[in-house]
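Colleague: Residue numbers (the working numbering): 7 to 145.
#1: Give me the Cα-Cα distance between residue 7 and residue 49, rounded to the nearest whole angstrom.
#2: Determine the DSSP secondary structure at residue 12, reduced to helix, strand or coil.
#3: Would you say residue 23 touches the ligand PLP, meaning its beta carbon is less than 7 Å from a heavy atom?
#4: Which term fits residue 40, buried or exposed, when burial requires 16 or more other beta carbons within 10 angstroms of its beta carbon?
#5: Under the rule that 16 or more other beta-carbon atoms within 10 Å means buried, what is residue 24, buried or exposed?
#6: Is residue 70 closer than 8 Å to residue 21 when the C-beta atoms are compared?
#7: According to DSSP, is residue 41 helix, strand or coil?
#8: Could you give the distance in angstroms between the alpha-carbon of residue 57 and the alpha-carbon of residue 84?
#9: Kindly indicate the opening and closing residues of the alpha helix (DSSP H) around residue 73.
#10: Can you name the start and end residues of the alpha helix (DSSP H) that residue 86 belongs to?
#11: My assumption, with CB atoms under 8 Å, is that residue 35 sits in contact with residue 64. Please give the rounded CB distance.
Rendered as structure tokens:
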């Protein structure tokens, strides 16, 4: 075997992923198809850094499609910092919207915990929540 390339098992161990993840990343185009020797996949050592980048992007909340854009959706001379900035600015807005929705969900649940009503008809905290939710949905 070529000492300059790594087996799928060696890459998986070094990158902290399953071999099936590597095959999946190849199948969806996140990783290029590796060379083969004797029928076995042989990876360039730089693959480990690419997988580290993929894992970081996943941790930041980027989808597979967004990670594909980060890796392959820019001209090859575009620096990683420029790629990251462009997608991160959009992702931050998306997360801010999700956070606002989560905080509203939390308020609704907390209001409901204060309820001591015996029937839905007499339940003002939940009725107030229903009114607030309906107003938000119409705006």
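Yeah, the Cβ is synthetic: ideal placement off N, Cα and C, and Gly gets one too.
Modeller: Taking the structure as given:
#1: With a pLDDT of 47 at residue 7, under the threshold of 50, the modelled position of that residue is not reliable, and the figure given next carries that caveat. Approximately 12 Å, taken between the alpha carbons.
#2: Strand, per DSSP.
#3: Ligands in the displayed structure: none, and consequently the ligand PLP is not present.
#4: Classified as buried, residue 40 has 16 or more neighbouring CB atoms from the shown chains inside 10 Å of its CB.
#5: Residue burial annotation: residue 24 is exposed, with fewer than 16 other C-beta atoms found within 10 angstroms of its C-beta.
#6: No, they are not a contact pair.
#7: For residue 41, the three-state secondary structure derived from DSSP is strand.
#8: Each residue's alpha carbon lies about 19 Å from the other.
#9: In this chain, the alpha helix (DSSP H) harbouring residue 73 covers 70-78.
#10: Start and end: 86-119.
#11: With 8 Å as the limit, residue 35 and residue 64 do not qualify as a contact, their Cβ atoms being about 16 Å apart.
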